[in-house]
Amino acid sequence: MSHAHGTRVQEFIGDPVSDAPPVGREKLEEIFQDIQADLRFDHELNGCLNCGICTATCPSAHYYDYSPREIVQLLWTENLEGIYDAMQEKIWACAQCYTCAARCPFGNSPGGLVMLMREVAIKHGMESARNVLRPFSRVMLKLISTGNQLSPDMISKDGFPDWGPNISKVDAPLATLRKAIPVPTLHTTKTAWEVNLKTSVELYTIWEETGVLESLKTIDQNLFDVITDIMDEKRDEWDEFLEDQEDEDED
Ligand code: SF4
Ligand code: SF4
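Written out as structure tokens, the structure reads:
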């Protein structure tokens, strides 16, 4: 039986008063297929009662225009436009605490699904991903160059306003206090602790094999270039160390 009006399919998504070009249906489908293709997708989405338990227990839902129930419903009903729309801002509100996963009667993991959507947003170089990840470039650089995400000398009052009154503790003489710690690898404020060269080089292999560096390239080409230079230098250092060891063994 044919229906007079059929099912309405939105061919493009876009804001009519914005200069941003509308997004075609092909792109929307490609993005959803990337989310669905992830091995974790079927484990984390088993159905949805639309009961809202996840949203009732979600800390982010209390503070932002964000609802894990809405995200799961969009994925469950394959609402391509809604999924794309949520990836512009809402998915970045999740705190990844997984309270929702512990409570969902269907065994869904809304927080896990948000993680998949974030990864796909990065893969597609979405503006929302660039904006959210930009402040982390300093942390990424620190991680690659030292093996640490954060070091005591990065902690400043301006950088961590969300610490509230605790931020006053950064006025403490950190360099002196660190030297008082009995573990020698902690006697520095330039890194949280010293990571040896072999571990750093092994970390680079993990980042390459897991696609972390490829994702970084999509989001920030300049940072990627700086980081690959640092990695090459450290790998050269490691090769030289191994050669020296071999020479010593031969002597
Ligand atoms: S994801 Fe689970 S808890 Fe949330 S609305 Fe659906 S069934 Fe309910
Ligand atoms: S993981 Fe995200 S969606 Fe789930 S309860 Fe925590 S903040 Fe909310």
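The numbering of the sequence shown is this note's numbering, which starts it at 1209 and goes up by one.
All C-beta atoms, glycine included, are put in the ideal place defined by N, C-alpha and C.
Everything numeric in this text was worked out from a predicted model, so none of it was measured.
Can you grab the Cα-Cα spacing for the pair residue i / residue j, in whole Å?
i            : j            : result
residue 1457 : residue 1445 : 19 Å
residue 1436 : residue 1443 : 10 Å
residue 1432 : residue 1337 : 15 Å
residue 1421 : residue 1246 : 19 Å
residue 1448 : residue 1348 : 26 Å
residue 1269 : residue 1453 : 56 Å
residue 1211 : residue 1271 : In this prediction, residue 1211 scores a pLDDT of 45, lower than 50, which makes its location untrustworthy; the coordinate-derived value is nonetheless stated afterwards. If I take the Cα positions, the gap works out to 43 Å.
residue 1401 : residue 1424 : 25 Å
residue 1411 : residue 1359 : 18 Å
residue 1365 : residue 1380 : 12 Å
residue 1209 : residue 1281 : For residue 1209, the predicted model reports a pLDDT of 42, less than 50, meaning its position is unreliable and no value from the coordinates is stated.
residue 1327 : residue 1241 : 13 Å
residue 1406 : residue 1441 : 13 Å
residue 1367 : residue 1345 : 14 Å
residue 1391 : residue 1409 : 23 Å
residue 1332 : residue 1232 : 14 Å
residue 1387 : residue 1404 : 19 Å
residue 1219 : residue 1297 : 21 Å
residue 1251 : residue 1314 : 11 Å
residue 1227 : residue 1335 : 14 Å
residue 1362 : residue 1429 : 23 Å
residue 1393 : residue 1434 : 26 Å
residue 1277 : residue 1351 : 35 Å
residue 1243 : residue 1369 : 35 Å
residue 1261 : residue 1279 : 13 Å
residue 1312 : residue 1389 : 44 Å
residue 1455 : residue 1373 : 56 Å
residue 1417 : residue 1459 : 37 Å
residue 1286 : residue 1385 : 55 Å
residue 1249 : residue 1376 : 44 Å
residue 1450 : residue 1230 : 54 Å
residue 1305 : residue 1234 : 33 Å
Residue j and residue i - do their beta-carbons sit closer together than 7 Å?
i            : j            : result
residue 1253 : residue 1356 : no
residue 1303 : residue 1267 : yes
residue 1383 : residue 1399 : no
residue 1307 : residue 1263 : no
residue 1221 : residue 1292 : yes
residue 1284 : residue 1259 : no
residue 1325 : residue 1295 : yes
residue 1321 : residue 1236 : no
residue 1438 : residue 1353 : yes
residue 1340 : residue 1371 : no
residue 1310 : residue 1319 : no
residue 1427 : residue 1330 : yes
Residues bridged to residue i by DSSP?
i            : result
residue 1220 : 1232
Which residue marks the beginning of the alpha helix (DSSP H) containing residue i, and which one marks its end?
i            : result
residue 1449 : 1429-1458
residue 1350 : 1345-1354
residue 1261 : 1261-1265
residue 1368 : Looking at the DSSP string, residue 1368 is not in any alpha helix (DSSP H), and its letter there is neither H nor E.
residue 1383 : 1382-1387
residue 1331 : 1318-1331
residue 1307 : 1307-1311
residue 1293 : 1288-1294
residue 1257 : Careful: residue 1257 lies outside any alpha helix (DSSP H) and carries neither H nor E.
residue 1249 : 1249-1252
residue 1401 : Taken as a continuous stretch (DSSP letters only), residue 1401 belongs to no alpha helix (DSSP H), as it is neither H nor E.
residue 1392 : First-last for residue 1392: undefined, no H or E at that position.
residue 1338 : 1335-1341
residue 1281 : 1276-1284
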